[in-house]
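Step one of this worksheet: look at the structure below.
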Amino acid sequence: MGINRRNILIGLGAVVGGGGALVSTGAFTTVSAERSVEVSTAGDASAFLTITGDDQYVTDDSGDGTLTIDLGGPDSNGFNQEAVTTLDGVVTITNNAADDSSATVGVSTDGADTAAAAGSASLLIEDGGDAVAEVTFYVGEQDANSIDDGSTQSIDAGNSAELDVKIDTRSDTLDDSDASTGGLTIVAEEA
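Numbering-wise (our numbering), the sequence shown opens with residue 8 and increments by one.
Dropping the structure here:
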């Protein structure tokens, strides 16, 4: 075979093609690798966000470490009719994050799957189909008479906030209430 332009071009093309195969670009289209993931859960009293209740209105009788707020209380005959009662510090929420991150804490009545943190959330309490009280939960440091500002509270690691409660039994406010009849969700989001 003689040396001519065509043979040289074919030879150079083969060298470049072979070199390109040896020195690839490193790109790939897909990678599949199985990894194990572990998630640890803890009861309300020992989780990253510790939720502890006072001994008068909160119990831990659920068996799974979650708290139950019972505003009837063990030594209570009930709240005054046609009155507004406020309870401070019914629940204490503590940020136990190990990495000094802060958490924005609020409440919601939307349920755990769709809850977004708000400064306050109201539940309508019924007895036999009749509204008997509107119970408003709010993250402390707010005036119970003006809790509709919707502000949440930021808690740095190692610090706490209190969940306060306002119980309104005035019949004229219950008739116009737009409170939920569901449950309460405490929401914490990384700030």
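Even for Gly, the Cβ is constructed at its ideal location relative to N, Cα and C.
Measuring alpha carbon to alpha carbon, tell me which residue in 164, 63, 189, 180 is nearest residue 112. Counting from one through the sequence shown, the residue named residue 112 turns up at place 105. Residue 112 has its Cα closest to that of 164, out of 164, 63, 189, 180.
Review point. Taking the C-alpha atoms as reference points, what is the distance between residue 154 and residue 127?
Key: Taking the sequence shown and counting its residues from 1, one reaches residue 154 at position 147. Taking the sequence shown and counting its residues from 1, one reaches residue 127 at position 120. Summary for residue 154: the model assigns pLDDT 49, below 50, so the residue's position carries little reliability; its value from the coordinates is reported in the next sentence. Residue 154 and residue 127: Cα-Cα distance of roughly 7 angstroms.
Give me whichever residues DSSP pairs with residue 144 in a beta bridge. Taking the sequence shown and counting its residues from 1, the one referred to as residue 144 is at position 137. 128, 172.
message: If contacts are defined as beta-carbon pairs under 8 angstroms, then residue 162 and residue 100 qualify, I think. What distance do you get, rounded to the angstrom?
response: In the sequence shown, counting from the first residue as 1, residue 162 sits at position 155. In the sequence shown, counting from the first residue as 1, residue 100 sits at position 93. Residue 162 to residue 100, Cβ: 7 angstroms. Contact.
Notebook entry, point to check: What is the rounded straight-line gap between the Cα of residue 181 and the Cα of residue 104?
Noted result: Counting from 1 along the sequence shown, the entry for residue 181 is found at position 174. Counting from 1 along the sequence shown, the entry for residue 104 is found at position 97. So the alpha carbons of these two residues sit roughly 40 angstroms apart.
_Check this for me: beta carbons of residue 193 and residue 114, under 7 angstroms apart or not?_
By 1-based counting over the sequence shown, the position of residue 193 is 186. By 1-based counting over the sequence shown, the position of residue 114 is 107. Against a cut-off of 7 angstroms, the Cβ pair of residue 114 and residue 193 comes out as a contact.
Less than 7 angstroms between C-beta atoms, sequence neighbours within five positions excluded: which residues of the same chain meet that for residue 64? Along the sequence shown, one-based indexing puts residue 64 at 57. 76, 77, 78, 80, 94, 97.
TODO: For residue 169, collect the residues of the same chain with a Cβ closer than 6 angstroms to its Cβ; drop the 5 residues on either side in sequence, then sort them by chain order.
DONE: Residue numbering aside, residue 169 sits at position 162 when the sequence shown is read from its first letter. Once the five neighbours on either side are set aside, the close Cβ partners of residue 169 are 96, 99, 147.
Tell me which residues share the same chain as residue 140 and place their Cβ nearer than 6 angstroms to its Cβ, disregarding the 5 neighbours each side in the sequence.
As a working mapping, residue 140 is identified with position 133 in the sequence shown. Once the five neighbours on either side are set aside, the close Cβ partners of residue 140 are 132, 174, 176.
query = How should residue 171 be labelled, buried or exposed, when 16 other C-beta atoms within 10 angstroms of its C-beta is the threshold for buried?
reply = One-based indexing of the sequence shown puts residue 171 at position 164. Residue 171 comes out buried.
Could you tell me which residues DSSP pairs with residue 91 in its beta bridges?
-> Walking along the sequence shown from the start, residue 91 turns up at place 84. Bridge partners of residue 91: 175.
What first and last residue would you give for the beta strand (DSSP E) that runs through residue 60? Within the sequence shown, the letter at position 53 stands for residue 60. Element bounds for residue 60: 56 to 60.
Query - Option in 121, 125, 138, 55 with minimal Cα separation from residue 89 - result: Here residue 89 refers to the residue found at position 82 when the sequence shown is read from its first residue. The residue with the shortest Cα to Cα distance from residue 89 is 138.
Next on the checklist: Please state the DSSP three-state secondary structure of residue 75.
Outcome noted: Translated into positions along the sequence shown, residue 75 becomes position 68. Reduced to three states, the DSSP call for residue 75 is strand.
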